[in-house]
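Respectively, the protein sequence lines represent chains A and B. So for the first sequence, our numbering puts the first residue at 903; every next one is plus one. So for the second sequence, our numbering puts the first residue at 903; every next one is plus one. Everything below concerns the one structure shown next.
Protein chains: 2
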Amino acid sequence: MELVQAKLKFIEAWGKLGSEWGINRTMAQVHALLLISPEALTTEDIMQELSISRGNANMTLRDLIGWGLIEKQHRPGERKEYFFADKDTWNIARQVAQERKKRELDPIIKLLNELSEVEGKESDPAYKTFKTSVTDINKLAKNVNKTLETMLKAEESWFWGAIVKVFK
Amino acid sequence: MELVQAKLKFIEAWGKLGSEWGINRTMAQVHALLLISPEALTTEDIMQELSISRGNANMTLRDLIGWGLIEKQHRPGERKEYFFADKDTWNIARQVAQERKKRELDPIIKLLNELSEVEGKESDPAYKTFKTSVTDINKLAKNVNKTLETMLKAEESWFWGAIVKVFK
DNA sequence: AATAACTTTCAGTAGTTTTTGAAAGTGAAG
DNA sequence: CTTCACTTTCAAAAACTACTGAAAGTTATT
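Structure representation (structure tokens):
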């Protein structure tokens, strides 16, 4: 396969994957573009490569910075801003995991803890079923949380080494 | 907290979580409703509880069956169909993991393998950066894949036991 | 074979999210 | 203090996704 087509395929696939995970397609595509680009790019470059508007490019870049996935670069003597992506895949995975944990897992754990406190009679089937479901989901959520926390702190090689050791 | 409000909160939260993960909000809410319901429910019940249309309820229930999260139940002497959710949280997690793996991870691994084959000169920075990114993501994806496969086969207690043992 | 009890479909509508592009903002340099 | 080179904002439009409800379809019962 040619590099040019391969790049297009990669950008497209990354965009699709993003949108399946609740991440805006354009954001994922801009990220993909920067990931495979050896040089930092300007807003103009990105607009051209992906055929998107200035406004869209600007917002998307801001969001990516918010997720900790890309950074601004300034070059001496130039007023333009350049953007480049962290190329370390493990960092990317951690960044994304951290952001989603904060936005999604943490609030749901908080809620589940509250819902565990609901009051009712053991003899009421509606109560019993509710309580059991909530308690079980809570346990699962806490295990996921613990594992994520370990991952966030861990080095890649150690993490997968440990996992593989147990699961082989 | 009262059971009635707690149920509403749970359904709302589950719906929100679903939509953040690319799962239709209504589908997640119907699932939540069935999860905390001790009895199997009819389409009619679900329409009423969640104030949704017949068409929506029907499509959503079909999708949930497709995900392996709920089942139809027939009662002797009745023509109505009843629906109930698998209440085992670990099964739910596995079902969802399996479905998403099949739809998302498997295709991306296939593509990454293809993209690893791209040809070019080592001296071309565009080529080198592309290749490195793709190779790294590929490695990560394969590790995730392996872990998921283990999870899909595993018993809950064994799985978390193993994880906790390593990460404590 | 007619009715009744239900389920499924789908064209149109409503609601949500994303994108555009022009205008406003910013601040460095002359 | 004005211009210039850029960045940011945001209202309106477009694109996308989800939902409705009436009509068509299905199957059990009489």
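Glycine residues also receive a C-beta, built at the ideal position from the N, C-alpha and C atoms.
Exposure label - residue i; buried when at least 16 CB within 10 Å
i: His976(A); result: exposed
i: Ser939(B); result: buried
i: Lys1033(B); result: buried
i: Ile967(A); result: exposed
i: Lys909(A); result: buried
i: Arg1005(A); result: exposed
i: Gly979(B); result: exposed
i: Arg1104(B); result: Summary: the structure shown does not reach residue 1104(B), with chain B confined to residues 903 through 1070, and so no result is reported for it.
i: Gly1063(B); result: exposed
i: Arg956(A); result: exposed
8 angstroms CB neighbourhood of residue i in its chain, flanking five on each side removed
i: Ala1043(A); result: Leu1007, Ile1010, Ile1011, Leu1014
i: Tyr1029(A); result: Val1020, Gly1022, Lys1023
i: Thr944(A); result: Lys982, Glu983, Tyr984, Phe985
i: Leu917(B); result: Before going further, note that residue 917(B) is Gly rather than Leu in the sequence given. Within the same chain, Gly917(B) has close Cβ partners Arg927, Thr928, Ala930, Gln931, Ala934.
i: Phe912(A); result: Ala934, Ile938
Chain A contact for residue i (CB, 8 angstroms cutoff)
i: Phe1032(B); result: yes
i: Trp1062(B); result: yes
i: Lys1004(B); result: no
i: Ile1065(B); result: yes
i: Phe985(B); result: no
i: Leu905(B); result: yes
i: Leu919(B); result: yes
i: Pro1027(B); result: yes
i: Thr928(B); result: no
i: Trp969(B); result: no
i: Gly1022(B); result: yes
i: Leu910(B); result: no
i: Glu1001(B); result: no
i: Glu1016(B); result: yes
Extent of the continuous alpha helix (DSSP H) to which residue i belongs
i: Ile972(A); result: Premise fails: Ile972(A) lies in the beta strand (DSSP E), 972 to 976, not in any alpha helix (DSSP H).
i: Asp1008(A); result: 1008 to 1018
i: Pro1027(B); result: 1027 to 1055
i: Ala908(A); result: 905 to 922
i: Ala999(A); result: 991 to 1002
6 angstroms Cβ shell around residue i - same chain, five flanking residues per side excluded
i: Thr962(B); result: Thr928, Met929, Val932
i: Gln1000(B); result: Leu1054
Host beta strand (DSSP E) of residue i (start-end)
i: Ala987(A); result: 983 to 987
Same chain, Cβ closer than 7 angstroms to residue i, five either side skipped, listed in chain order
i: Glu1058(A); result: Trp992
i: Leu936(A); result: Leu943, Ile972, Phe985, Phe986, Ala987
i: Leu1071(A); result: Only positions 903 to 1070 of chain A appear in the structure, and residue 1071(A) is not among them; the question remains open.
i: Asp947(B); result: none
Any C-beta of chain B under 8 angstroms from that of residue i
i: Gly957(A); result: no
i: Val1068(A); result: yes
i: Ile982(A); result: A small correction: the amino acid at residue 982(A) is Lys; Ile does not occupy that position in the sequence shown. By this cut-off, Lys982(A) is not an interface position.
When you check each C-beta in the stretch 1039 to 1056 of chain A against every C-beta of chain B, which residues fall closer than 8 angstroms? Ile1039, Lys1041, Leu1042, Asn1045, Lys1048, Thr1049, Thr1052
What residues in the stretch 930 to 947 of chain A bring their beta carbon closer than 7 angstroms to a beta carbon of chain B? Leu937, Ile938, Ser939, Pro940
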